[in-house]
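Position in the sequence shown counted from 1, then plus 543, gives you my numbering.
Heads up, the beta-carbon is just placed ideally off N, CA and C, and yes, glycines get one too.
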Amino acid sequence: MDRISENIKENIEKFKGTFKGADDLVFRNIKIGKENKIEGWLIFIDGMVDKSVISDYAIEVLFEDTGVEELSLSTYKSSLAERLSKESIAVHDVQEEDSYDKLVDAILSGETVLLIDGENKGLILSTRGWPTRSVQEPQTETVVRGSRDGFVETLRFNTALIRRHIRDPKLKVKSLKVGRRSKTDVAVIYIEDIANDKIVDEVINRISKIDIDSLPGSSALEALIEDNYLSPFPQLENTERPDSAAAALLEGRIVIIVDNTPFVLMVPATIGTLFQSTEDYYSRWPIGPLVRFIRMLSAVLTTISPSLYIAFTAYHPGLIPTVFTLYLAASRVNVPFPAVVEAFLMEITIEILRESGTRIAGPIGTTIGIVGGIIIGQAAVEAGIVSPLKIIITAITTISFFAVPSYEWASSLRLIRFIFMFLSAILGLYGLMLGIAVLLVHFAKLESFTVPFSAPYSGLGLKEGDIKDTLIKAPIQQFKRRPAFTFPKDRRRMRLR
């Protein structure tokens, strides 16, 4: 490991060579002490530090330090760097470091490095102060009754938001760096006496093995550490809400925070957790089972509705009531396309409208989606391109998509919908059943950090009562034990007196 030299001129030349061409890097030469002055250099990146902290608690103190005249390595126990860090500099966090690479990383992270002539180590002053976004209400997860704070792009702000919800010394934060060039800060958070050690070690081990230039966000980390990257389904859950992350930690799950992104990851993730929403725990319990049934029904509808339309219209009209069959045939008299083309045409049109609305922010995007859908649907029916029934099915499919609480989970079902449509176009209901069978087998094989993705419906946790908070939402008095699928050390969550 490369160490810094006692010759401050050599050190400064080395830093200038490393940061050559970086005009935002500031080298500030100072003289420490009043009379017997010792040369020192402050190095920091403009825009990433709080300059008032440097001026008031570092530079001003160093100019007035009278202990420098009395300091002699032969007569004083400690070095000047150690004495300044412990007795003079008033910055809240000061660290001594002799590694050149670690000093460079500290500068790039927004810290200030103080080099002193004659010292073979530098001081890292905690002076981070880049522009940040204030804590606001999450945009993607809104609740009628509940906490209004949401994660932001600064990692330490996010860890603090979680600690506000869980004031437990057993809450541990493991800090890692990912990316050879970006050196992105990643925090793995868990409750020591609840989380399973095997799962915690697996998470940390997978993150530590990542070798990549840059980590742009939590979505990239998710793709790099998930069990099966070829699967279309998310094996990690994400959230913008600190209360959701805190609830996951108390269940024995692990939370992963990536700097520069407001979306944190929660592992392990299962089908049961992906159907849960923060709203469930802020409303009366009798509503919970109904809401979750509607979500599951919506997931089924958004996946197989177009496929059923193709299968019944093109292959199995005899399986539907005769009156309805006659109506369907009459409504498609003027439609020039077969049911397969009609279904794909409408689904692709809706996907284009959805994407265009997503790319245009604010009310304009919503207006484009609503107006575009109404106008195109009405015009398509009047022109005889599609039947009225297909418009209704497309509307139900689209609305059902937004009833699924997890966007990644719903997006995966979008892809499966087109695959099922293709199978129905070839084999009718037989193709659809074949696709569903393959999908269920895939769910049975899929894992999320050694935990079956199909839990608790696969059997894991059914005897333990996990069904109380997955298929239904029981009263809070029934949540006496933590979910079994996380294999927590401490299963007991509540003791009623």
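* Quick one: is Gly1047 buried, meaning 16 or more other Cβ sit within 10 Å of its Cβ, or exposed? -> This structure cannot speak to residue 1047, because the chain is shown only from 544 to 1040.
* In chain order, what residues of the same chain lie with their CB nearer than 6 Å to the CB of Leu568, ignoring the 5 residues before and after it? -> Here residue 568 refers to the residue found at position 25 when the sequence shown is read from its first residue. Around Leu568: Phe562 and Ile588.
* Cβ pair count under 8 Å reaching 3, the stretch 766-781 against the stretch 982-1002 -> yes
* Which value, in whole angstroms, describes the spacing of the CA atoms of Ser595 and Phe806? -> Locating residue 595 in the sequence shown gives position 52, where the first residue counts as 1. Locating residue 806 in the sequence shown gives position 263, where the first residue counts as 1. Computed Cα separation, rounded: 31 Å.
* How about Ala886 and Tyr852: are their beta carbons less than 8 Å apart? -> Residue 886 sits at position 343 when you count from the first residue of the sequence shown. Residue 852 sits at position 309 when you count from the first residue of the sequence shown. Cβ atoms of Ala886 and Tyr852: closer than 8 Å.
* CB of Ser546 within 8 Å of CB of Tyr643, strictly -> Locating residue 546 in the sequence shown gives position 3, counting from the first residue. Locating residue 643 in the sequence shown gives position 100, counting from the first residue. In the sequence on display, residue 546 carries Arg and not Ser. Cβ atoms of Arg546 and Tyr643: closer than 8 Å.
* Alpha carbon of Ile602 to alpha carbon of Asp728, nearest angstrom -> Taking the first residue of the sequence shown as 1, we reach residue 602 at position 59. Taking the first residue of the sequence shown as 1, we reach residue 728 at position 185. If you take the alpha carbons of Ile602 and Asp728, they lie about 28 Å apart.
* To do: In the DSSP assignment, find the unbroken beta strand (DSSP E) run with Asp545 in it and report its ends.
  => To locate residue 545, count along the sequence shown from 1; it is residue 2. Counting along the chain, Asp545 falls outside any beta strand (DSSP E), and DSSP gives it neither H nor E.
* Could you please give the first and the last residue of the uninterrupted alpha helix (DSSP H) stretch that includes Lys715? => Stepping through the sequence shown from its first residue, residue 715 is reached at position 172. Per DSSP, Lys715 belongs to no alpha helix (DSSP H); it is in the beta strand (DSSP E), Leu714 to Val721.
* Does the stretch 705-723 come within contact of the stretch 790-803, defined as at least 3 CB pairs closer than 8 Å? -> yes
* To do: Classify Gln1021 as helix, strand or coil using the three-state DSSP reduction.
  => Stepping through the sequence shown from its first residue, residue 1021 is reached at position 478. Residue state, collapsed to three classes: helix.
* Which residue comes first and which comes last in the beta strand (DSSP E) that contains Gly583? -> Here residue 583 corresponds to residue number 40 of the sequence shown, with the count starting at 1. Here the beta strand (DSSP E) through Gly583 covers Ile581 to Ile588.
* Asked: Under the three-state reduction of DSSP, which class applies to Gln819: helix, strand or coil?
  -> Stepping through the sequence shown from its first residue, residue 819 is reached at position 276. Coil at Gln819, not helix or strand.
* Do three or more CB pairs link the stretch 797-804 to the stretch 733-747 at distances below 8 Å? -> yes
* Asked: If you draw a straight line from the alpha carbon of Gly672 to that of Gly760, how long is it in whole angstroms?
  -> On the sequence shown, residue 672 is found 129 positions in, with the first residue counted as 1. On the sequence shown, residue 760 is found 217 positions in, with the first residue counted as 1. Taking the straight line from one Cα to the other gives about 21 Å.
* Asked: Relative to the alpha-carbon of Leu704, which residue among Ile581, Ser718 and Asp786 has its alpha-carbon at the smallest distance?
  -> Your numbering for residue 704 matches position 161 in the sequence shown. Leu704 has its Cα closest to that of Asp786, out of Ile581, Ser718 and Asp786.
* To do: Output the residue ranges of the alpha helix (DSSP H) runs that lie fully inside the stretch 911-984 and measure 4 residues or longer, sorted by chain position.
  => 931-946 and 950-970
* Alpha carbon to alpha carbon, how far is Ala998 from Ala812? Give it in angstroms, no decimals. => On the sequence shown, position 269 is the one that residue 812 refers to. On the sequence shown, position 455 is the one that residue 998 refers to. Whole-angstrom Cα-Cα distance: 9 Å.
* Asn554, enclosing alpha helix (DSSP H) - first and last residue -> Position 11 of the sequence shown, counting from 1, holds the residue named residue 554. Where Asn554 is concerned, the enclosing alpha helix (DSSP H) stretches over Ile551 to Thr561.
* Going by the CB atoms, is the gap between Val947 and Ala842 shorter than 8 Å? -> The residue given as residue 842 occupies position 299 in the sequence shown. The residue given as residue 947 occupies position 404 in the sequence shown. Yes; because the gap between Cβ atoms is below 8 Å, this pair is in contact.
* **Under the three-state DSSP convention, the category Thr655 falls into** => Residue mapping note: residue 655 aligns to position 112 of the sequence shown, counting from 1. Correct three-state label for Thr655: strand.
* **Buried or exposed by the 16-neighbour rule on C-beta atoms within 10 Å, applied to Tyr619** => For the purposes of this step, residue 619 is taken as residue 76 along the sequence shown, with counting starting at 1. Per-residue confidence for Tyr619 stands at a pLDDT of 45, beneath the threshold of 50, marking its modelled position as unreliable; the derived number appears in the next sentence. Exposed: under 16 other Cβ atoms inside 10 Å.
* When Lys580, Ser774, Lys574 and Asp599 are compared against Trp952, the one with the closest alpha-carbon -> Counting from one through the sequence shown, the residue named residue 952 turns up at place 409. Among Lys580, Ser774, Lys574 and Asp599, the Cα nearest to that of Trp952 belongs to Ser774.
* Could you tell me the boundaries of the alpha helix (DSSP H) in which Met839 lies? => Here the question's residue 839 lines up with position 296 in the sequence shown. Ile830 to Ala857 is the extent of the alpha helix (DSSP H) around Met839.
* To do: State the DSSP-derived secondary structure class of Asn739, mapped to helix, strand or coil.
  => The residue you call residue 739 lines up with position 196 of the sequence shown. Asn739 falls in the coil class under three-state DSSP.
* Asked: In its own chain, which residues sit with a C-beta less than 7 Å from the C-beta of Ser751, not counting the 5 before and 5 after it?
  -> By 1-based counting over the sequence shown, the position of residue 751 is 208. Taken in chain order, the residues that qualify are Leu719.
* Work out the CA separation of Ile847 and Arg960 for me, nearest whole Å. => Locating residue 960 in the sequence shown gives position 417, where the first residue counts as 1. Locating residue 847 in the sequence shown gives position 304, where the first residue counts as 1. Whole-angstrom Cα-Cα distance: 6 Å.
* Looking at C-alpha atoms only, which residue of Phe963, Met889, Leu956 and Gly900 is the closest neighbour of Ile936? -> Translated into positions along the sequence shown, residue 936 becomes position 393. Closest option to Ile936, Cα to Cα, is Met889.
* Asked: Buried or exposed: where does Thr675 fall if 16 or more other Cβ atoms within 10 Å of its Cβ makes it buried?
  -> Along the sequence shown, one-based indexing puts residue 675 at 132. By the 10 Å Cβ count, Thr675 comes out exposed.
* Glu639, enclosing beta strand (DSSP E) - first and last residue -> In the sequence shown, the residue the question calls residue 639 occupies position 96. Element bounds for Glu639: Val637 to Glu640.
* Would you say the stretch 820-830 touches the stretch 736-746, given that touching needs at least three Cβ pairs under 8 Å? -> no
* **Integer-rounded CB distance, given that Asn663 should sit under 8 Å from Glu783** => Here residue 783 refers to the residue found at position 240 when the sequence shown is read from its first residue. Here residue 663 refers to the residue found at position 120 when the sequence shown is read from its first residue. About 46 Å separates the two Cβ atoms, so there is no contact after all.
* Supposed close pair Ala854, Ser967 - CB separation, criterion 8 Å -> For this step, residue 854 is matched to residue 311 along the sequence shown. For this step, residue 967 is matched to residue 424 along the sequence shown. So it is a contact: roughly 4 Å between Cβ atoms.
* Secondary structure of Asp692, DSSP reduced to three states -> Here residue 692 refers to the residue found at position 149 when the sequence shown is read from its first residue. Asp692 falls in the coil class under three-state DSSP.
* **Extent of the continuous alpha helix (DSSP H) to which Val596 belongs** => The sequence position of residue 596 within the sequence shown is 53, counting from 1. Run containing Val596: Lys594 to Ile597, per the alpha helix (DSSP H) assignment.
* Which residue or residues does DSSP assign as beta-bridge partners of Asn781? -> Residue numbering aside, residue 781 sits at position 238 when the sequence shown is read from its first letter. Asn781 is bridged to Leu808.
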